[in-house]
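Structure record follows, encoded as structure tokens.
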Amino acid sequence: MMGLMPSEEIRTMTPPTVRSSAAHDAGKAGGASTRAWTMRMLVLGIVLSALNLRPAITSLGALLEEVRDGLGMSGSVAGLLTSVPPLCFAVFGVMAPRLARRFGAGAVVCAGMVAIATGLLIRPYAGGTAGFLAGSALALMGIAVSNVLMPVIVKHWFPDRVGSMTGLYSMALALGTSLAAAVTVPLTDALGGSWQTGLALWAGIAVAAVLPWLPFVRGRVTPPGAGEQAADAATGGDASAGDPSARDRDEVAARTQGSTPAEHARVEVPRLRMARSRTAWALAVFFGLQATAAYITMGWMAQIFRDAGVPAGTAGLLLAVTMVMGVPLAFVIPRLATRLPHQGPIVLALGVCGLVGYAGLYLAPAAGAWAWAVLLGVANCAFPLALTMVGMRARTGPGVAQLSAFAQSTGYLISIPGPLLVGVLYQHSGGWGLPIALMSALMIPQMVVGFLAGRDRTVEDEAAR
4 MMGLMPSEEI RTMTPPTVRS SAAHDAGKAG GASTRAWTMR MLVLGIVLSA
54 LNLRPAITSL GALLEEVRDG LGMSGSVAGL LTSVPPLCFA VFGVMAPRLA
104 RRFGAGAVVC AGMVAIATGL LIRPYAGGTA GFLAGSALAL MGIAVSNVLM
154 PVIVKHWFPD RVGSMTGLYS MALALGTSLA AAVTVPLTDA LGGSWQTGLA
204 LWAGIAVAAV LPWLPFVRGR VTPPGAGEQA ADAATGGDAS AGDPSARDRD
254 EVAARTQGST PAEHARVEVP RLRMARSRTA WALAVFFGLQ ATAAYITMGW
304 MAQIFRDAGV PAGTAGLLLA VTMVMGVPLA FVIPRLATRL PHQGPIVLAL
354 GVCGLVGYAG LYLAPAAGAW AWAVLLGVAN CAFPLALTMV GMRARTGPGV
404 AQLSAFAQST GYLISIPGPL LVGVLYQHSG GWGLPIALMS ALMIPQMVVG
454 FLAGRDRTVE DEAAR
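Letter by letter, the sequence shown follows residues 4 to 468 in the working numbering.
See the structure below:
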């Protein structure tokens with residue numbers, strides 16, 4: 004016993020700051036060993052999730068005639084299907100921030116992927132139109148919450164790489180959109196010609212997207228910098244001095260010190276009155292108008308080319324070209340946007356491409372078909388730009404969550420009438436002059452509100468209680 008006393012005395016006399024520093028260093032070493040694995044899993048989860056956010060829509064479009072025949076679906080119900088996605092996005096997307104506060108954003112996205120897989124698997128075999136719509140709604144619910152939370156996850160885990168990560172996510176989303184439109188019919192034919200099989204096969208990618216999110220359920224992993232910030236706060240470090248975003252993170256770390264991961268995820272955050280923010284409204288309207296243009300393009304552009312005498316196969320290929328333009332540009336545009344103090348010039352450039360493309364569809368739809376397809380594909384890249392601005396127009400993760408929910412839910416509500424109105428104008432006018440005029444007219448306010456949303460300001464300064 005006596006031989007142990009000197010060592011005990013040494014341990015007792017060790018200054019607390021030294022022990023804290025040693026614990027801090029040990030924590031850093033342990034965190035570094037898992038950081039690379041965590042980030043690889045997160046990037047994989049983001050990419051696979053993005054791939055699943057549109058095939059439920061574009062695969063149905065490719066087989067809509069077969070689905071109508073198989074279910075005995077009326078033309079009016081089939082027409083309403085073009086407005087179901089934005090309706091579901093608006094209704095279910097607003098729930099995402101509350102669910103994220105309760106369970107954590109990673110857990111909600113994981114559940115969203117499960118909902119997509121389940122909905123895609125059951126809807127072809129549910130029997131009848133009602134069952135098909137219910138399965139579609141389940142899949143779209145998963146898409147809606149994931150739509151809203153992707154910018155939140157990017158802001159939370161990659162605060163210094165918002166542009167590049169948003170670009171990667173948007174590029175994967177565009178790839179999934181074009182891939183489903185291009186290969187659903189050939190795959191269906193190769194698998195025996197059953198439209199049920201052709202639709203259900205997309206559930207496989209959604210199942211794969213569940214796996215990377217499992218470690219993030221119940222807060223089992225935290226952002227790489229979180230432990231270091233908490234340790235710095237505990238030892239009196241001031242690495243965040245002069246950095247508002249770092250002070251926000253330190254405040255959260257202080258408030259959650261000693262809490263469990265689940266309790267950490269449920270810490271109350273200030274709620275913002277987004278309806279008071281002009282920037283939030285500008286971003287919501289911009290999001291809605293670009294979504295209107297995107298859904299009109301996905302639903303009607305191939306028909307415009309076919310009515311102009313372009314063969315059906317070529318018209319489908321032109322639509323695929325429009326969709327695939329988002330793959331490279333969705334990676335470039337967000338990176339460029341984060342380097343500019345004002346994103347308005349990008350908004351205007353994309354709008355001009357859209358206006359020229361619509362003019363070409365009106366004046367020479369067949370002669371310049373490939374050029375118009377490319378220009379409209381460039382214009383459709385307003386979507387990744389809108390997502391990037393969501394991450395830039397709020398300072399904190401909670402602010403991004405609330406802004407994302409407001410902008411996307413309001414925006415998708417705005418986009419609901421567009422595809423239906425185009426169909427009504429086409430049916431009653433017997434041509435594409437009035438629908439194209441409507442598309443061109445909507446591009447003007449899209450450019451205006453997008454320019455306003457691109458100004459260098461944050462919603463916290465405008466919408467705080």
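C-beta: ideal position from N, C-alpha, C; glycine also.
For residue i, count neighbouring Cβ atoms within 10 angstroms of its own Cβ and tell me buried if that reaches 16, exposed if not.
i, result
"W40", "exposed"
"S412", "buried"
"W198", "buried"
"L194", "exposed"
"E68", "exposed"
"L56", "buried"
"I119", "buried"
"T191", "buried"
"L366", "exposed"
"P189", "exposed"
"W373", "exposed"
"T37", "exposed"
"L401", "The amino acid at residue 401 is misidentified as Leu; the sequence shows Pro. Buried."
Kindly indicate which residue of the options has the alpha-carbon position closest to the one of residue i.
i, options, result
"G327", "L358, P368, P162, G179", "Residue 327 is actually Val in this sequence, not Gly. When only C-alpha atoms are compared, the closest one is G179."
"T295", "L176, G196, L423", "L423"
"L136", "S181, I439, V87", "V87"
"K158", "L455, E465, G433, L406", "L406"
"H345", "G166, G433, L275, F454", "F454"
"G312", "V335, P368, G329, I60", "P368"
"G394", "G363, R338, T132", "R338"
"F95", "L152, L47, T132, G75", "L152"
"I60", "L202, G347, G457", "L202"
"G122", "A142, V165, S52, D310", "A142"
"L124", "G138, V112, C113", "G138"
"G302", "G426, V155, A140", "G426"
"L275", "D72, L54, D464", "D464"
Grouping DSSP H, G and I as helix and E and B as strand, with all else coil, what is residue i?
i, result
"A275", "Reading the sequence as shown, one finds Leu at residue 275 and not Ala. Three-state result, L275: strand."
"S139", "helix"
"F92", "helix"
"D464", "helix"
"T37", "helix"
"S280", "coil"
"S86", "coil"
"R458", "coil"
"G64", "helix"
"Q346", "coil"
"P314", "coil"
"C356", "helix"
"V452", "helix"
"P387", "helix"
"R338", "helix"
From residue i to residue j, what does the alpha carbon distance come to, in whole angstroms?
i, j, result
"L332", "A382", "10 angstroms"
"G130", "L63", "16 angstroms"
"L171", "V50", "7 angstroms"
"A410", "W284", "7 angstroms"
"A340", "A385", "11 angstroms"
"A65", "C356", "26 angstroms"
"Y429", "A323", "23 angstroms"
"A110", "V220", "4 angstroms"
"L217", "P89", "28 angstroms"
"A184", "T169", "23 angstroms"
"I419", "F92", "10 angstroms"
"V350", "Y298", "19 angstroms"
"L437", "V335", "34 angstroms"
"V457", "A404", "Correcting the residue type first, residue 457 is Gly in the shown sequence and not Val. Answer to the nearest angstrom: the Cα atoms are 18 angstroms apart."
"L378", "P348", "17 angstroms"
"V210", "F161", "25 angstroms"
"I208", "P314", "31 angstroms"
Quick one: measure Cβ to Cβ for residue i and residue j, integer angstroms, because I've assumed they're closer than 8 angstroms.
i, j, result
"Q293", "A389", "6 angstroms"
"G354", "M442", "With a Cβ gap of about 12 angstroms, G354 and M442 do not count as contacting."
"V148", "G107", "Going by Cβ atoms, the distance from V148 to G107 rounds to 12 angstroms, so no, they are not a contact pair."
"G134", "G291", "About 30 angstroms; that fails the 8 angstroms criterion."
"R396", "T282", "6 angstroms"
"V330", "A177", "5 angstroms"
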